[in-house]
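Presented below is the structure to which this report refers.
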Amino acid sequence: MKTNIFTVALSLLSVAAVAQKSEIRSAGKAVDDGNYAEAKTELQTAESMLSEANDKWTERFYLYKGQAYLGNGENASMEDLEVAAEAFQKAQDMGNDDEAVQGFDQVRNALVQSAINDQNTENYESASDKLHYSYQLNKQDTLYLYYAAGNSLNAQDYTTALEYYEDLKELGFDGSGVEYLATNVETGEQEVMPKEQRDLMIKTGEYEDPQDRKIPTKKGEIAKNIALIYIQEGEDEKAIEAIQDAKAENPDNIALIQAEADVHYRMGNKEKYNELMQEIVKKNPNDPNVYYNLGVTAADLGNNEQAIEYYEKALEIDPDMTNARMNIVVAILAKERDLIDEMNELGMSEEDNKRYEELEEERIEIYEEAVPYLEEVIERNPENVEAIRTTINIYNQLGEEEKAAELKARLE
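Mind the numbering: the sequence shown is residues -19 to -1, 1 to 393 in mature numbering (1 follows the signal peptide of the UniProt record, and there is no 0), read in order.
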């Protein structure tokens, strides 16, 4: 009787193994045909008997499972990609070093592409989740952790963003490097690619104009974002401490000094901001953005003449800096406010009328001072609606009706 029971058990085991192999084979065929839903169904049936399979068929099971849940890589859900990554990892652990590794890499590529699609639709939370999971799959790729942090910040998930930025800081993430670019002869577009690929494409003649572009360190940006999150959370002291920690390692790093200046600006410490910006000027005297930012601060502090000087310096370095030219107009027109206040307080006496006329002449001089800057903005940027509208109003004040009408027609 014992022998008969053992014989029956062996028979059942044989039948189960044959059925399981058949389902795994069917899953593989369905994957090859692109019928991923059918493959999933076959695999779900086979999984219940997986403990009875030998290593070869178990390995094939996990490989097909990874391929089925990855699909074509497009529009795969986060959950399916997680299942696929786990399956490919198990197949790899069992000795499948080629197909499983390739599949694992495809999962990571699909995660990144899906995250890019999420970014483009401003679904930042989902993008962050996918990029962070991609980082977890290969923690050598810390750049994905950096991008995950940025997406969490855009999603205003400050807790998660701070966690990721702190992880980057602890890892000593720098982010600097070199990008290799070349221009596609057919499209005329400049593209970034690995150096070996770029050099090969140049030789084929499909690309031209190879360039190497230095990527600056991201430590300053990370320190600044940590600080800004602390400010957002009302922890100003931690914000400054975060900057000081970063500066201790890189005391001459302009990005970090800029970050510290930005934090003080956000905290309302305009004088400290100005002091730090002056330090940046000494270290980097040919950066128009430095002078532009100094102009903004001077204007905020009520020193419009100083602001204009900084904006003029920025324009000397970069004549196309429209924002600097428009801010000069704002600083010039700001002088009008005091005149208007005084004019409104005047009475109807002869002396008051005489003073009113004097103030009106000063207003005209202010308008005449602003006009050349506005005209330059419009000449360089004919689509600048704000500049056109402001110029129309000033032309009307100056009695330049024809010029105003011409600009109005352009605006309409």
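Glycine residues also receive a C-beta, built at the ideal position from the N, C-alpha and C atoms.
Task: Sequence ranges, beta strand (DSSP E) only - wholly within the region 301 to 356, length at least 3 - done: none
- [ ] Return the CA-CA distance between residue 86 and residue 268, expressed in angstroms with no decimal places.
- [x] Spanning the two alpha carbons is a distance of roughly 41 Å.
Task: Opposing strand residues paired with residue 158 [DSSP bridges] - done: 196
Open item on the list: Whole angstroms are fine: how far does the CA of residue 67 sit from the CA of residue 250?
Closed with: If you take the alpha carbons of residue 250 and residue 67, they lie about 51 Å apart.
Task: Residue environment, residue 388, which counts as buried when at least 16 other CB atoms sit within 10 Å - done: Result: buried.
Task: Assigned secondary structure, residue 60 (DSSP; H/G/I helix, E/B strand, else coil) - done: Correct three-state label for residue 60: helix.
TODO: Return the bridge partner residues of residue 12 from the DSSP annotation.
DONE: The bridge partners DSSP lists for residue 12 come to none.
TODO: Taking 8 Å as the cut-off, decide whether the C-beta atoms of residue 203 and residue 263 are in contact.
DONE: no
Task: C-beta atoms of residue 321 and residue 350 nearer than 8 Å - done: Result no, Cβ atoms of residue 321 and residue 350 do not sit closer than 8 Å.
TODO: Look at the alpha carbon of residue 325 and the alpha carbon of residue 283, and state the distance between them as a whole number of angstroms.
DONE: 22 Å
- [ ] For residue 163, name the three-state secondary structure that DSSP assigns.
- [x] strand
Task: Neighbour flag for residue 390 against chain C, beta carbons, 8 Å - done: Considering every chain present, this structure includes no chain C. It has just one protein chain.
Task: Separation of residue 138 from residue 109, as counted between CA atoms - done: 10 Å
Open item on the list: From the DSSP secondary-structure annotation, give me the bridge partner or partners of residue 100.
Closed with: Per DSSP, residue 100 has no beta bridge partner at all.
Open item on the list: Mapping the DSSP letters down to three states, classify residue 137 as helix, strand or coil.
Closed with: coil
TODO: Look up residue 191 in the DSSP assignment and say whether it is helix, strand or coil.
DONE: strand
- [ ] Pick out whichever of 265, 64 and 80 has its Cα sitting closest to the Cα of residue 40.
- [x] 80
- [ ] Quick one: grab the DSSP three-state call for residue 171.
- [x] The answer is strand: DSSP assigns residue 171 an E or B state.
Task: Reduced DSSP category for residue 182 - H, G, I as helix; E, B as strand; rest coil - done: Residue 182: helix per DSSP, three-state reduction.
Open item on the list: Helix, strand or coil for residue 282? Go by DSSP, reduced to three states.
Closed with: coil
TODO: Confirm, please, whether the CB-CB distance from residue 93 to residue 115 is below 8 Å.
DONE: Yes, the Cβ-Cβ distance between residue 115 and residue 93 is below 8 Å.
Open item on the list: Tell me the DSSP secondary structure of residue 362 in three-state form.
Closed with: coil
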